[in-house]
Amino acid sequence: MTDSGTSSTRPYLIRALYEWCTDNGLTPYVAVRVDDTVRVPREYVKDGEIVLNISMDATSALKLGNDYIEFKARFAGVARDIMIPLGRVMAIYARENGQGMAFPLDDADPAGAPAPGGALSGPSVEPPPGQDGAAGAPSDDAPEPPRPSGPAGRPALKRVK
0 MTDSGTSSTR PYLIRALYEW CTDNGLTPYV AVRVDDTVRV PREYVKDGEI VLNISMDATS
60 ALKLGNDYIE FKARFAGVAR DIMIPLGRVM AIYARENGQG MAFPLDDADP AGAPAPGGAL
120 SGPSVEPPPG QDGAAGAPSD DAPEPPRPSG PAGRPALKRV K
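Note that numbering that gives the first Met the number 0 numbers the sequence shown so that position 141 is 140, with each residue one more than the last.
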């Protein structure tokens with residue numbers, strides 16, 4: 000619950016953007032800041048971040064809850080249980096066109112800098128710079144995590160109007 004006594008909008012926005020992606024035949028990806036509360040294969044974490052395909056084809060038993068994103072996925076042929084606290088989700092976006100939304104982290108990032116003050120205004124953003132391909136989409140099925148480019152190593156997102 001937030002200070003005003005209402006629940007966070009983050010889980011609802013993540014579910015809405017996931018549904019928008021699937022309804023439009025797009026592939027939903029989440030960018031996650033990894034810490035001890037995140038259960039992902041550590042060998043795929045780069046610079047403290049991981050980008051995951053959460054489409055129906057890439058996951059099984061996907062649950063987009065109010066506190067966690069949970070699913071099973073295969074990494075190099077090995078099934079893994081994935082659990083991501085929603086406060087660690089930095090962004091959700093469509094791989095094909097980069098449209099999505101970025102979120103502030105709930106607490107200080109591992110580098111010790113405080114989390115940004117708020118989400119970008121509007122659901123249409125490009126993924127962070129450093130990803131190859133048209134409109135910022137990764138060029139292969141194993142996307143690179145966002146590259147730090149702003150102050151305190153945070154990925155920079157550009158508004159698209």
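All C-beta atoms, glycine included, are put in the ideal place defined by N, C-alpha and C.
Practice prompt. Using only alpha-carbon positions, find the residue among ILE91, ASN96, SER54, ALA72 that is nearest to LEU12.
Written response: ILE91
Item to complete: Taking LEU104 and ARG87 to be in contact with their CB atoms under 8 Å, please state how far apart those CB atoms are, rounded to whole angstroms.
Response: 7 Å
Discussion item. Using only CA atoms, which one of THR8, ARG73, GLU42 lies nearest to ILE53?
Written reply: ARG73
Practice prompt. Consider the C-beta atom of SER59 and the heavy atoms of the ligand GTP; say whether any pair is separated by less than 7 Å.
Written response: As for the ligand GTP, it is missing from this structure, which has no ligand bound.
Worksheet item: Going by beta carbon distance, what residues of the same chain come within less than 8 Å of LYS71, once the five residues before and after it are set aside?
Response: Closer than 8 Å at the Cβ level, and outside the excluded window around LYS71, lie THR58, SER59, ALA60, ALA78, ARG79, ASP80, ILE81.
Item to complete: Whole angstroms is fine: what's the gap from ARG32's alpha carbon to ARG94's?
Response: Going from the Cα of ARG32 to the Cα of ARG94 covers about 18 Å.
Practice prompt. Please report how far the alpha carbon of PRO27 lies from the alpha carbon of ALA101, in whole angstroms.
Written response: 13 Å
Practice prompt. Please report the Cβ distance between LEU16 and GLY99, rounded to the nearest whole angstrom; I am assuming they are in contact, meaning their Cβ atoms lie under 8 Å.
Written response: That belief holds up - the Cβ atoms of LEU16 and GLY99 are roughly 6 Å apart, short of 8 Å.
Worksheet item: Which residues does DSSP pair with PHE74 in a beta bridge?
Response: In the DSSP assignment, PHE74 is bridged to VAL77.
Practice prompt. Could you please give me the residues that DSSP links to ARG38 through a beta bridge?
Written response: MET82
Discussion item. Using a Cβ-Cβ cutoff of less than 7 Å, which residues in the same chain neighbour ILE49 once the five nearest sequence positions on both sides are dropped?
Written reply: VAL31, VAL33, VAL39, TYR43, PRO144
Worksheet item: What does a CB cutoff of less than 6 Å around CYS20 pick up in its chain, not counting 5 residues either side in sequence?
Response: PRO27, ALA93
Worksheet item: Looking at VAL37 and PRO84, is the spacing between their C-beta atoms short of 8 Å?
Response: Taking 8 Å as the Cβ cut-off, PRO84 and VAL37 qualify as a contacting pair.
Worksheet item: What did DSSP end up calling ARG9 once you bin it into helix, strand or coil?
Response: helix
Worksheet item: How long is the line joining the alpha carbons of MET55 and GLY4, rounded to whole angstroms?
Response: 34 Å
Practice prompt. Inspect the beta-carbon positions of ARG14 and LEU63 and report whether they are closer than 8 Å.
Written response: Here ARG14 is near LEU63, since their CB atoms are less than 8 Å apart.
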